Amino acid sequence: MAAEARLTPPPRPISPLNMAARKGRRRRGVRLRAAARSAAKFLAGGGRRRRRRRRRRRRAARSHGRSPLAGTLRAVAAAGAEPDPRGAPCGRAEGHSPPPRALAAPGAAPSPGLPPRAERGRMTELQSALLLRRQLAELNKNPVEGFSAGLIDDNDLYRWEVLIIGPPDTLYEGGVFKAHLTFPKDYPLRPPKMKFITEIWHPNVDKNGDVCISILHEPGEDKYGYEKPEERWLPIHTVETIMISVISMLADPNGDSPANVDAAKEWREDRNGEFKRKVARCVRKSQETAFE
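One rule links them: number in the working numbering = place in the sequence shown (from 1) + 36.
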């Protein structure tokens with residue numbers, strides 16, 4: 037026994053660091069066990085909570101005499117003043133819940149999430165004015181060859197005046213043609229209107245000066261089937277793309293869908309005769325009145 041006692045090593049002293057590590061492991065084990073118990077309780081009670089919510093929804097639906105989906109549909113019907121089958125508009129009979137605010141009847145206060153129609157119109161107008169101001173500043177900073185643009189009235193961003201130089205190597209060469217661009221308040225969703233102030237003889241410009249080209253036509257399908265939707269107005273178009281299209285129109289008229297039938301007929305049948313003489317007269321007149 038004495039020999040065995042002598043062979044048994046003495047117990048190792050526990051350092052403060054080892055003691056802290058053991059306490060930390062015990063604490064972590066306690067926390068993990070507590071978290072596992074909480075998770076088990078949560079999972080076990082989830083089904084009960086779901087069943088309670090379903091019972092509450094069924095009781096609420098029975099108390100109102102309709103299902104939740106039917107209540108939503110009737111609220112939509114109430115917005116159009118459609119009567120409830122029981123004799124009163126939905127949300128007005130006793131025991132009925134009022135319709136949601138977003139589906140309220142006409143005359144009710146608008147939903148705080150959506151601005152009123154007039155307010156949305158003002159927002160669109162501010163956005164279009166900002167876009168036009170940017171395009172005007174860009175054209176003044178980086179002029180495009182063939183035309184110049186500016187405002188008719190400094191206080192009105194929706195009315196522009198443009199001067200178009202007749203394209204070289206065409207019958208309109210040397211002309212300085214003045215035109216007005218009138219933009220809608222919802223630009224660029226809809227195209228501007230363009231009207232030549234200077235007299236011009238062209239198949240795609242009517243006798244009043246209104247320009248008729250695909251890029252200035254309302255967006256969407258052409259009811260006559262002459263134009264593809266991508267050829268008509270798109271919101272990506274700018275004043276620069278409009279003017280480039282108009283200059284291209286002067287150089288290469290479209291006689292298939294003319295705005296000035298007489299000019300189109302002369303252009304097809306007597307291009308170097310009567311048509312050329314009328315265009316030359318317009319060019320001379322434009323030079324005389326360009327800077328009036």
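Even glycine gets a Cβ: it sits at the ideal position worked out from N, Cα and C.
These numbers were taken from a predicted model, which means no experiment stands behind them.
Beyond the five residues adjoining it in sequence on each side, D246 comes within less than 6 Å, by CB distance, of K231 in the same chain, given in chain order. I249 carries a coil assignment under DSSP once its states are collapsed to helix, strand and coil.
Of all alpha-carbon atoms in G210, D258, W269, D222, the one lying nearest the alpha-carbon of A287 is that of G210. Closest option to A326, judged by alpha-carbon separation, among Y260, Y262, F213: F213.
Nearest to T277 by C-alpha distance, out of P294, A215, I251, is I251.
The beta carbons of T274 and D222 sit about 16 Å from each other, so the pair does not count as a contact at 8 Å. Between L217 and V241, the gap from beta carbon to beta carbon reaches 9 Å or more.
Taking 3 residues as the minimum length, the beta strand (DSSP E) runs contained wholly in the stretch 214-245 are 229-232, in order along the chain.
In the DSSP assignment, the residues bridged to I201 are V212.
Excluding sequence positions up to five before and after S281, its CB lies within less than 7 Å of the CB of I249, I251, all in the same chain and listed in chain order. Residue state for A185 is assigned as strand, using DSSP reduced to three classes.
According to DSSP, residue pairing for D192 in a beta bridge involves D189.
Looking at the backbone, the Cα of W269 and that of E254 are separated by about 6 Å.
Residue nearest to L193 within the set A215, L172, P289, N176 is L172 (criterion: CA-CA distance). With fewer than 16 other Cβ atoms inside 10 Å of its own Cβ, P204 counts as exposed. Excluding its 5 nearest sequence neighbours in each direction, Q323 has C-beta neighbours in its own chain below 8 Å: G210, G211, V212, listed in chain order. For the pair T234 and W196, the Cα-to-Cα distance works out to about 15 Å. By the C-beta density criterion, V297 is exposed, having fewer than 16 other C-beta atoms within 10 angstroms.
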